[in-house]
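J.: Questions regarding the structure given below will be posed in turn.
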Amino acid sequence: MKIELHCHSTASDGTFAPEELCQKAVDEGVELFCLTDHDTMQGYDVVKACAANKMPVLRGLEFSCELDGFNIHLLMYQVDAQRSGALEQQLAKMRRERVQRMEAMVQKLADLGHELDLEE
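Take the sequence shown: its position 63, counted from the start at 1, is 62 in numbering that gives the first Met the number 0, and no numbers get skipped.
Rendered as structure tokens:
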């Protein structure tokens, strides 16, 4: 059985858009798929639609957290959309904070004479 339970799309730090990853999985004969982007499940609906009647798709993510000063990446599978309100709020907060950190880094580099395009 071919399964893919840990991959990232452009919704986080991956190379391919969610629908492209799904199509690649279908083309390779994957029989069970889960998109596990960092701190988001934004690509799930697209993947679910792409995979319709071709393979089961789990709703998941790779959750970034800290334990005793260590960064931990926790893979979460089959996250219940009906009961994940608090999780979704935390994920949105984490994404906002990540953008703020990125903006601060780009500004620090600009102050040192290294201009970067934040969107790139």
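Positions of the beta carbon are idealized from the N, C-alpha and C atoms, including for glycine.
Does the distance from the C-beta atom of V98 to that of K53 stay below 8 angstroms?
T.: No, Cβ-Cβ distance for V98 and K53 is not below 8 angstroms.
J.: Let me make sure I understand the geometry here. Which of P17, P55, Q81 and A91 has the alpha-carbon closest to that of K1?
T.: P55
J.: Just to confirm, does A51 get its C-beta within under 7 angstroms of one of the non-hydrogen atoms of the ligand GDP?
T.: Looking for the ligand GDP in the displayed structure turns up nothing, as the structure carries no ligands at all.
J.: How big is the Cα-Cα spacing for Q41 and A10?
T.: Computed Cα separation, rounded: 7 angstroms.
J.: Considering C49, what are the terminal residues of the alpha helix (DSSP H) in which it resides?
T.: It spans Y43 to C49 - the alpha helix (DSSP H) in which C49 sits, taken as one unbroken run.
J.: Tell whether a beta-carbon distance below 8 angstroms holds between C21 and V46.
T.: yes
J.: Taking 7 angstroms as the limit between beta carbons, can you name the residues of its chain near L108, skipping five residues before and five after?
T.: L115
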